[in-house]
Structure formats: C-alpha cells, structure tokens
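Input: a single structure, listed below in structure tokens.
2 protein chains.
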Amino acid sequence: MSRQELPVLDAACCAPLTGEALSDESAAELAKGFKALGDPVRLRLLSLIASRKGGEVCVCELTDAFTLTGPTISHHLRVLREAGLIDCQRRGTWVYYWILPAKLAALSQLLDVSGAAAPASV
Amino acid sequence: MSRQELPVLDAACCAPLTGEALSDESAAELAKGFKALGDPVRLRLLSLIASRKGGEVCVCELTDAFTLTGPTISHHLRVLREAGLIDCQRRGTWVYYWILPAKLAALSQLLDVSGAAAPASV
DNA sequence: TCCTTGTTTAGACATCTGTCTAGGCAGAGA
DNA sequence: TCTCTGCCTAGACAGATGTCTAAACAAGGA
Numbered sequence: 001m002s003r004q005e006l007p008v009l010d011a012a013c014c015a016p017l018t019g020e021a022l023s024d025e026s027a028a029e030l031a032k033g034f035k036a037l038g039d040p041v042r043l044r045l046l047s048l049i050a051s052r053k054g055g056e057v058c059v060c061e062l063t064d065a066f067t068l069t070g071p072t073i074s075h076h077l078r079v080l081r082e083a084g085l086i087d088c089q090r091r092g093t094w095v096y097y098w099i100l101p102a103k104l105a106a107l108s109q110l111l112d113v114s115g116a117a118a119p120a121s122v
Numbered sequence: 001m002s003r004q005e006l007p008v009l010d011a012a013c014c015a016p017l018t019g020e021a022l023s024d025e026s027a028a029e030l031a032k033g034f035k036a037l038g039d040p041v042r043l044r045l046l047s048l049i050a051s052r053k054g055g056e057v058c059v060c061e062l063t064d065a066f067t068l069t070g071p072t073i074s075h076h077l078r079v080l081r082e083a084g085l086i087d088c089q090r091r092g093t094w095v096y097y098w099i100l101p102a103k104l105a106a107l108s109q110l111l112d113v114s115g116a117a118a119p120a121s122v
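Those protein sequences? They're chains A and B, same order as listed.
Position 18 of the first sequence, counting from 1, maps to 18 under full-length UniProt numbering, and the rest follow consecutively.
Position 115 of the second sequence, counting from 1, maps to 115 under full-length UniProt numbering, and the rest follow consecutively.
Next comes the structure, spelled out in structure tokens:
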C-alpha cells in the first residue's frame, strides 16, 4: 500500500516562482500537487491529518468529519496519495494515513515570494 | 480592470496545516487558490509573471510563450485574477499583468510544515 | 466457516474545465 | 472617421472530476 515510487522531487520544485521561469515538465509535475490541493474536501482531509498530534489518523475518523460517503472520502484520499502528499498503511482492520512533508515543503517553497520585488503599480 | 474587492485574506490563511484543523469556509477559500494553481499552463503563466524583473508582463509576451490561442491564455489569466493571485491594467493598447504576493504568501505558509512532527512510520 | 465491520474498487451520471472559433471592444495611427 | 492591432467575451464541445450506489476485499470474532 505504501508507494515507494516517489523518490524524485523534481529539481525545479525547490526554487521559488520569482526565480527562473518554470519548464513545461516542472510545471506539469507541480500542477499535479496543487490540483490535488484544489478541492475543499481534500484540503480539510489534509488538514485533519497534518494537525493530528500523533501524525496519523484512521480513515474512520476522517469519514466521520464529513457528510460524504465512505467511497467519496476514499477517492479523495487516493488523489492525495497519488499526488505524493500522504501515505497510508493498514493495521489490522483499520487504515492509517499520514502526511509526507517533503512534497508539501516543495510546493510551499515554490510559492514563497517573500523578498521578491514589489510591483510598482500596486 | 483592477479588482479592489479582495482586501480580505481569511484569518486562517496564515496558519500552517499542522496547526488547528481548517474550517469548512477556510478550506473552501484556500482551495480556490490551489485550484487556480493546479493547471500547468496557469503555473507557467504565474511563473513567467513572477520571474519577470520589472514585475510586469504584457499579455502579448505571455501568449507568445505558448502554442495555445489568445482566448485560452486570456481564460487562464482570468482564473488567476479571480483567485487573487495576479492583477492587471491596460496601458494604451497593451495589458500588463503582475503578481499579488499576499495571496501567494498565504498559500505558501499554509503548506509550510517545516518543524512539524515527523510521522513514526515512514 | 460464516458473519460483521472497515475500507476500497467499479461503474454511472451530472457538473465542471480547458480548449477552440467567431465576434466584439478599446486604443493608436492614417 | 476608418482601419489595424491587441485583448477579451460568448458559446460550443470533448474530456475530466466529484459524487453516489452496489459490490468486492480484508481482518477479526463467534
């Protein structure tokens, strides 16, 4: 269940937008991450997982936090997983999810424009 | 053309995911921003604008950087604009775009999980 | 072995999204 | 005023997305 095929964080992932313009490939790779974040349900799921002190959350708790059906939550968790933002493991009856900070950090750094030149006209 | 209706950056926008779990409303608001970033073309557009030294780019230059038609570029710029990530102004014949760093910073900070507890199982 | 519970997969369906063509508006120059 | 250029809007359309129900799979317990 744990995906091991995500060792590569594109080199361009750690440079801010204010640096060199993004290549086609970098943009495509990074857009996948942002797309996964671009849904309120997924953002709340990620928030619920990330804010959990132990670092792990059972699916049943996540499902309880929404009025959506189990399959829908499962679908959103899969999208987050395929984007490399979270991972999971089954332990007995339950499945636990946790965040993968590396990918989040890469996306965060891309958007970090602090210290960038302020546009004259604003 | 400049939108002035975007003074409010939701209070929850500046807290990292590792803090308190996102409210429904905050998640919806923030997801709009990430959704706008979740397309390779828009990410490249933003990158082209943000990496420009003068801080401003003419639409004609942006259009030249893609094989897409003008209306398609215009559509993507509109999405970025409505997400509060960029703004624009017509000067004579040309229209110039620049980034709005506040919104980018808010999204960046949300994803900044540096210093968060690393999950035990990874 | 069978039943129960937790979770995922499969498939259907309405809605949203990215792209295009056609056409319109704004400003500059003849 | 006319025309040209730059950019946007309107509308169409194929494909992607979010949601559901039904069904399957996995693990634990009687």
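The beta carbon of each residue, even a glycine, is placed where N, CA and C say it ideally should be.
For A:Asp64, no Cβ of chain B is located within less than 8 Å of the residue's own Cβ. The segment 97 to 106 of chain A makes no contact with the segment 63 to 74 of chain A, as fewer than three CB pairs between them are under 8 Å. Among the residues of chain A, those whose CB is under 7 Å from the CB of B:Ser108 are Ser108, Leu111, Asp112, following chain order.
Between the segment 105 to 113 of chain B and the segment 50 to 59 of chain B, the count of Cβ pairs shorter than 8 Å is below three; the stretches do not touch.
In this structure, B:Ser51 sits near A:Gly19, with a CB-CB distance shorter than 8 Å. Between the segment 88 to 96 of chain A and the segment 81 to 101 of chain B, the count of C-beta pairs closer than 8 Å stays below three; the two stretches do not touch. Interface with chain B (8 Å Cβ-Cβ cutoff): A:Gly19 is included. Between the alpha carbons of A:Ala31 and A:Ile49 lies a distance of about 22 Å.
DSSP places A:Arg52 in the coil class of the three-state scheme, outside both helix and strand. In terms of beta-carbon proximity, A:Gly92 stays away from the interface with chain B, with every pair separated by 8 Å or more.
Contact annotation: A:Ala27 and B:Leu43 have beta-carbon atoms nearer than 8 Å. With respect to chain A, the C-beta atom of B:Ile99 has a partner C-beta closer than 8 Å. Per DSSP, A:Val113 is not a residue of any alpha helix (DSSP H), being assigned neither H nor E.
A Cβ-Cβ distance of about 3 Å is found for the pair B:Gly38 and A:Lys35, placing them in contact under the 8 Å criterion.
If you look at A:Asp39, you'll find it isn't in any alpha helix (DSSP H); DSSP assigns it neither H nor E. Between the beta-carbon of A:His76 and that of A:Leu111 there is about 22 Å, and that puts the pair past the 8 Å contact cut. Less than 8 Å divides the Cβ of B:Leu17 from the Cβ of A:Ser47.
Listed along chain B are Leu17, Ala21, Leu22, Ala27, each with a C-beta nearer than 8 Å to that of A:Ser47.
Proximity to A:Leu80 across A:Glu25, A:Pro40, A:Cys60 peaks at A:Pro40, based on C-alpha coordinates. Between A:Ile73 and A:Leu85, the gap from beta carbon to beta carbon reaches 8 Å or more.
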